[in-house]
Amino acid sequence: MSDATAPHIKAGLPVLLFPDAAAFARWLEITDRAVRGAWLQFAKKGTDAASLSRQDAIDAALCEGWIDGQSATWDERFFLVRFTPRRPKGRWSQVNRQRARELIEAGWMRDAGWAEILAAQRDGRWNAAYPPSSTAVPPPDLQIALDGDPAATARFAAMSKPERYALILKLANAKLATTRERCIARFLAG
Numbered sequence: 132m133s134d135a136t137a138p139h140i141k142a143g144l145p146v147l148l149f150p151d152a153a154a155f156a157r158w159l160e161i162t163d164r165a166v167r168g169a170w171l172q173f174a175k176k177g178t179d180a181a182s183l184s185r186q187d188a189i190d191a192a193l194c195e196g197w198i199d200g201q202s203a204t205w206d207e208r209f210f211l212v213r214f215t216p217r218r219p220k221g222r223w224s225q226v227n228r229q230r231a232r233e234l235i236e237a238g239w240m241r242d243a244g245w246a247e248i249l250a251a252q253r254d255g256r257w258n259a260a261y262p263p264s265s266t267a268v269p270p271p272d273l274q275i276a277l278d279g280d281p282a283a284t285a286r287f288a289a290m291s292k293p294e295r296y297a298l299i300l301k302l303a304n305a306k307l308a309t310t311r312e313r314c315i316a317r318f319l320a321g
């Protein structure tokens, strides 16, 4: 692991600093899929620290069947992002689905990344990718419920953007129609 430094552990995972995307891609390629993940250090803007970019790391991860996740503070020069192998049945975001398509077109997708994409296409997760908060709108069943309840519409409008997105994602993640109906009913009840 000469391309990365790993002097620290956070939540049972190594904290790694890679000089560039190629070094991270090499690490992903040789790392056993049984590894639970790693925290990558990214240089904060306005510091003299150097690291690979977050987008380059995400691209390398997607190509190898991994995914970025939780962010955390680290120190005055770096922040952390947790990277893990994609979980079986893990949801895809529309952003990562589009980026995966671009990586395929560029010829960068690797076998492990292809395997995750094909599995998601087979079981429907690929087409059920969730939208980013910037484009998320109430799904039709929630919108119909809001249209019929002025008080609920006012409550929804008063929610912060992250609160609205959390509700929309909760509905998107519901596997059963009855779960969605209960969630909407709870929201309507206030």
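The working numbering numbers the first residue of the sequence shown as 132 and each following residue consecutively. Every residue, glycine too, gets a C-beta built ideally from N, C-alpha and C. In this text, all values refer to a predicted model and were calculated from it rather than measured experimentally.
If you draw a straight line from the C-alpha of residue i to the C-alpha of residue j, how long is it?
i: T162; j: V226; result: 25 Å
i: G177; j: I235; result: 33 Å
i: L183; j: A260; result: 27 Å
i: A305; j: R311; result: 6 Å
i: A308; j: V212; result: 34 Å
i: G143; j: A156; result: 22 Å
i: L159; j: A180; result: 23 Å
i: A283; j: S291; result: 14 Å
i: F173; j: G279; result: 47 Å
i: L302; j: R313; result: 10 Å
i: H139; j: L193; result: 25 Å
i: M132; j: G238; result: Legend: pLDDT at M132 = 44, less than 50; position of this residue unreliable, value from coordinates given subsequently. Computed Cα separation, rounded: 26 Å.
i: P293; j: L319; result: 18 Å
Return the bridge partner residues of residue i from the DSSP annotation.
i: Y261; result: S224
i: W170; result: V146 and R213
Please state whether DSSP places residue i in a helix, a strand or coil.
i: G244; result: helix
i: L319; result: helix
i: S133; result: For S133, the predicted structure reports a pLDDT of 45, less than 50, and the residue's modelled location is therefore unreliable. A value from the coordinates is still provided. The answer is coil: DSSP assigns S133 none of H, G, I, E or B.
i: A267; result: coil
Taking C-alpha atoms, which residue in the options lies nearest to residue i?
i: P271; options: V212, F210, R241 and I315; result: I315
i: R241; options: D151, R218 and A191; result: A191
i: D199; options: Q186, R208, W205 and E207; result: Q186
i: I189; options: R208, K220, A165 and S224; result: S224
i: G255; options: L300, R164, A289 and R222; result: R222
Any Cβ of chain B within less than 9 Å of the Cβ of residue i?
i: K176; result: Protein chains in the displayed structure number just one, and chain B is not present.
If residue i sits next to residue j, beta carbons under 8 Å apart, how far is it from one beta carbon to the other, in whole angstroms?
i: K175; j: F210; result: 6 Å
i: A154; j: G196; result: About 18 Å separates the two Cβ atoms, so there is no contact after all.
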